[in-house]
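*Asks:* Residue numbers (our numbering): 447 to 729.
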């Protein structure tokens, strides 16, 4: 009786050991639409401390309990779906305005042995109102300049896949460097480097129900002064959730400046303003 009881207990222990081994067996899940690298971060929170998860290409390798495995299969049924083809458009606009105004007195007055002459300070072709009397003239001048530009670009990509588009040019920049030789002599060396002037954006889209989450970095550059290779640029990086088909303002910048110049009987001022915006749309 004692021996039989011992055998019965041994059989129960063996059965429990087998069940435990079966519960923690390693299984392979074949994915259909999503890669293992994309699914591993999603499945990982469902595993216990003793579980294991790895993957390659479109296969997940999981070692966990039956309960966890069923939860993983349920989750993958919802996520391992066909990826949508998305078209992402970015519109970058720039509006600049410049106003120059001034007033000055110029002319010449002669009286017997005395001659007084006041030269004109401003350029000869920007006259506004001119009043002349007895050889002296009062001038006012004002010019307004506005410019607007808009750059649109788009790219098509699969949901979850990064994409980028860049259009521009490379310009050369010559720089001079003073170097110290072994003979304690200064030598002027000259080098040439390339600077990219590009417009475009980097983006990675993810579906969130009916909306789309975008990790996006738009870039806008222009050559302000070709003589000295001066480049002005705008760049931002953000994550936004947008509705398909709607333009969304994701950022921009604005600035204002004022410059005043005064001389004898002459003064001028210059006001500048700039407004830039970036909009994005997903279809």
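Cβ coordinates follow ideal geometry from the N, Cα and C atoms, glycine included.
Nearest to residue 526 by CA position, among 532, 513, 506 and 538, is which residue?
*Replies:* Checked all of 532, 513, 506 and 538; the closest Cα to residue 526 is 506.
*Asks:* Using the beta-carbon count (16 or more within 10 Å), is residue 660 buried or exposed?
*Replies:* Classification of residue 660: buried, given that the 10 Å Cβ count is 16 or more.
*Asks:* Nearest-angstrom Cα distance between residue 477 and residue 658?
*Replies:* One C-alpha to the other measures close to 23 Å.
*Asks:* Would the beta-carbon of residue 473 be found less than 8 Å away from any heavy atom of the ligand FMN?
*Replies:* As for the ligand FMN, it is missing from this structure, which has no ligand bound.
*Asks:* Quick one: is residue 646 buried, meaning 16 or more other Cβ sit within 10 Å of its Cβ, or exposed?
*Replies:* Counting Cβ neighbours within 10 Å, residue 646 comes out buried, since at least 16 surround it.
*Asks:* Among residues of its own chain, excluding the 5 on either side of residue 541, which ones have a beta-carbon nearer than 6 Å to its beta-carbon?
*Replies:* Same-chain partners within the cutoff: 594 and 721.
*Asks:* Tell me, to the nearest whole angstrom, how far the beta carbon of residue 726 is from that of residue 601; I am working on the premise that it is less than 8 Å.
*Replies:* About 11 Å; that fails the 8 Å criterion.
*Asks:* So, do the region 489-498 and the region 509-520 have three or more beta carbon pairs nearer to each other than 8 Å?
*Replies:* The region 489-498, when compared against the region 509-520, does touch it at the 8 Å Cβ threshold.
*Asks:* Could you tell me the distance, in whole angstroms, from the CA atom of residue 539 to the CA atom of residue 586?
*Replies:* Approximately 34 Å, taken between the alpha carbons.
*Asks:* Using alpha carbons as the reference points, say which of 718, 723, 714 and 728 lies closest to residue 550.
*Replies:* Nearest C-alpha to residue 550: 714.
*Asks:* Sort out for me which residues DSSP pairs residue 650 with in a bridge.
*Replies:* Answer by DSSP bridge pairing, in chain order: 661.
*Asks:* Spell out the partners DSSP gives residue 611 in its beta bridges.
*Replies:* For residue 611, which the question treats as bridged, DSSP gives the partners 647.
*Asks:* Using DSSP with H/G/I as helix, E/B as strand and the rest coil, what is residue 591?
*Replies:* Residue 591 falls in the strand class under three-state DSSP.
*Asks:* For the beta strand (DSSP E) holding residue 473, just list the boundary residues, first then last.
*Replies:* Residues 472-476.
*Asks:* In or out: residue 662 buried (at least 16 other Cβ within 10 Å) or exposed?
*Replies:* Per the 10 Å Cβ criterion, buried.
*Asks:* Tell me which residues share the same chain as residue 473 and place their Cβ nearer than 7 Å to its Cβ, disregarding the 5 neighbours each side in the sequence.
*Replies:* Closer than 7 Å at the Cβ level, and outside the excluded window around residue 473, lie 508 and 515.
*Asks:* CA-CA distance, residue 467 and residue 533?
*Replies:* The predicted position of residue 467 is uncertain, since its pLDDT is 48 and thus under 50; a value taken from the coordinates is nonetheless stated next. If I take the Cα positions, the gap works out to 49 Å.
*Asks:* Please state whether the Cβ-Cβ distance between residue 666 and residue 597 is less than 9 Å.
*Replies:* For residue 666 and residue 597, yes; Cβs fall inside 9 Å.
*Asks:* Please state whether the Cβ-Cβ distance between residue 486 and residue 501 is less than 9 Å.
*Replies:* Yes.
*Asks:* In angstroms with no decimal places, state the Cα-to-Cα distance between residue 592 and residue 705.
*Replies:* Going from the Cα of residue 592 to the Cα of residue 705 covers about 17 Å.
*Asks:* Spatial neighbours of residue 531 within its chain, please: CB distance less than 7 Å, with the 5 preceding and 5 following residues excluded, ordered by chain position.
*Replies:* Contacts found: 602 and 604.
*Asks:* What is the DSSP secondary structure of residue 530, reduced to helix, strand or coil?
*Replies:* Looking at residue 530 - three-state DSSP - the assignment turns out to be coil, as it is neither helix nor strand.
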